[in-house]
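One structure is given here, and the rest of the page talks about it.
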Amino acid sequence: MREVEAVGSSSAFGRLLGLEIIKADNGEALLRLAMHDGLRNLHGKLHGGALFSLIDTAMGQASHSLNGGEPNSVTLECKVNYIRPVSEGELTCRAWVVHGGRRTQVLEAEVHQGEKLVAKAQATFSVT
Numbered sequence: 001m002r003e004v005e006a007v008g009s010s011s012a013f014g015r016l017l018g019l020e021i022i023k024a025d026n027g028e029a030l031l032r033l034a035m036h037d038g039l040r041n042l043h044g045k046l047h048g049g050a051l052f053s054l055i056d057t058a059m060g061q062a063s064h065s066l067n068g069g070e071p072n073s074v075t076l077e078c079k080v081n082y083i084r085p086v087s088e089g090e091l092t093c094r095a096w097v098v099h100g101g102r103r104t105q106v107l108e109a110e111v112h113q114g115e116k117l118v119a120k121a122q123a124t125f126s127v128t
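Using UniProt numbering, the letters of the sequence shown map in sequence onto residues 1 to 128.
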């Protein structure tokens with residue numbers, strides 16, 4: 001079995017953003033992202049696309065953890081509620097599989113900065 005952390009760390013895009021996989025096991029994942037200037041939008045805040053990428057990667061890691069860390073799913077759709085802007089600091093994203101079917105999976109995720117909720121998401125993944 002391949003280490004789940006190795007799956008995420010092998011992503012060039014994840015390295016570009018600075019994503020750090022803390023844990024991915026049993027249908028759950030926890031990732032960290034430290035704010036840096038390369039992630040800012042025109043208003044100086046965390047770009048929504050960077051936040052979405054954190055969420056999508058966390059959900060992918062949660063999904064793949066049900067398959068021993070081997071990539072076996074892709075995002076079909078994802079809805080994100082952006083709740084508060086981020087200017088500085090570190091974010092954590094926790095994602096979990098709500099329904100792990102043979103053909104599709106439903107996942108949820110929350111992004112926090114400390115105790116504050118930054119974003120909440122729900123997605124459907126296709127199992128390949």
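Every residue gets a Cβ at the ideal spot worked out from N, C-alpha and C, and that includes glycine.
In or out: residue i buried (at least 16 other Cβ within 10 Å) or exposed?
i          : result
residue 83 : exposed
residue 87 : exposed
residue 64 : buried
residue 74 : exposed
residue 19 : buried
Please name the residue, chosen from the options, that lies closest to residue i on a Cα-to-Cα basis.
i           : options            : result
residue 109 : 81, 126, 38 and 42 : 81
residue 125 : 111, 26, 51 and 98 : 98
residue 107 : 118, 76 and 90     : 76
residue 95  : 74, 25, 48 and 68  : 25
Pull up the DSSP beta-bridge partners for residue i, would you.
i           : result
residue 107 : 97 and 123
residue 25  : 28
Suppose the cutoff is 8 Å on Cβ atoms and the five residues either side in sequence are ignored; what does the same chain contact list for residue i look like?
i           : result
residue 90  : 32, 33, 34, 35 and 113
residue 120 : 80, 81, 83, 108, 109, 110 and 111
Quick one: residues in its chain with C-beta nearer than 6 Å to the C-beta of residue i, no 5 flanking neighbours on either side, listed in chain order?
i           : result
residue 146 : The question about residue 146 has no answer here: the residues shown for the chain are numbered 1 through 128.
residue 122 : 79 and 108
Enumerate in chain order the residues of its own chain whose CB-to-CB distance from residue i is below 7 Å, with the five nearest sequence positions on each side excluded.
i          : result
residue 47 : 39, 40 and 41
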